[in-house]
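Below is one structure, written out as structure tokens; comments come after it.
In our numbering, the protein residues as written are 89 to 206.
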């Protein structure tokens, strides 16, 4: 099993920046892809960014060029750098990890609140 713990959320003004962290523990060798989803109030969950074990990244169109996902394998941690934040980025951000050993799985963190407001 893989356990994930997020940190780094908070309240920032429009145009500001935040960095979210997601630490993984447990069967980390089995992780293939990690990433972030978000759920804004009254909206469905949205995939924000992903990064594979090979370092290949993918972003939602709404955050491309503003958000950057990175992975520190030595620290078993994934980061999401959020720049040029907008009020519509307000959401709970969830880290997740997927793998296929010993069977397909998806693990989720508890979520961290990001609020963009002046």
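Ideal Cβ placement from N, Cα and C applies to all residues, glycine included. Quantities reported herein were computed from a predicted structural model and do not represent experimental measurements.
Taking 8 Å as the threshold (C-beta atoms), are residue j and residue i in contact?
i           : j           : result
residue 179 : residue 151 : no
residue 90  : residue 206 : no
residue 167 : residue 108 : yes
residue 102 : residue 170 : no
residue 144 : residue 123 : no
residue 200 : residue 97  : yes
residue 177 : residue 157 : no
residue 186 : residue 121 : yes
Can you find the residues in the same chain that come closer than 8 Å, C-beta to C-beta, to residue i, ignoring five residues on each side of it along the sequence?
i           : result
residue 197 : 92, 93, 94, 110, 182, 183 and 184
residue 165 : 109, 110, 111, 112 and 159
By Cβ distance below 7 Å, which residues in the same chain neighbour residue i in space, the five residues on each side in sequence not counted?
i           : result
residue 125 : 133, 134, 135, 136, 182 and 184
residue 116 : 90 and 164
On the criterion of 16 or more Cβ atoms from any shown chain inside 10 Å, does residue i qualify as buried, or is it exposed?
i           : result
residue 147 : buried
residue 159 : buried
residue 162 : exposed
residue 155 : buried
List the residues that DSSP assigns as beta-bridge partners of residue i.
i           : result
residue 184 : 123 and 196
residue 109 : 95 and 167
residue 56  : Here the chain has residues from 89 to 206 only, and residue 56 is not among them.
residue 159 : 166
Within a Cβ cutoff of 6 Å, which residues of the same chain sit near residue i, ignoring the five residues on either side of it in sequence?
i           : result
residue 127 : 133, 179 and 180
Roughly how many whole angstroms lie between the Cα atoms of residue i and residue j?
i           : j           : result
residue 119 : residue 193 : 9 Å
residue 190 : residue 142 : 20 Å
residue 131 : residue 175 : 14 Å
residue 104 : residue 129 : 20 Å
residue 106 : residue 149 : 19 Å
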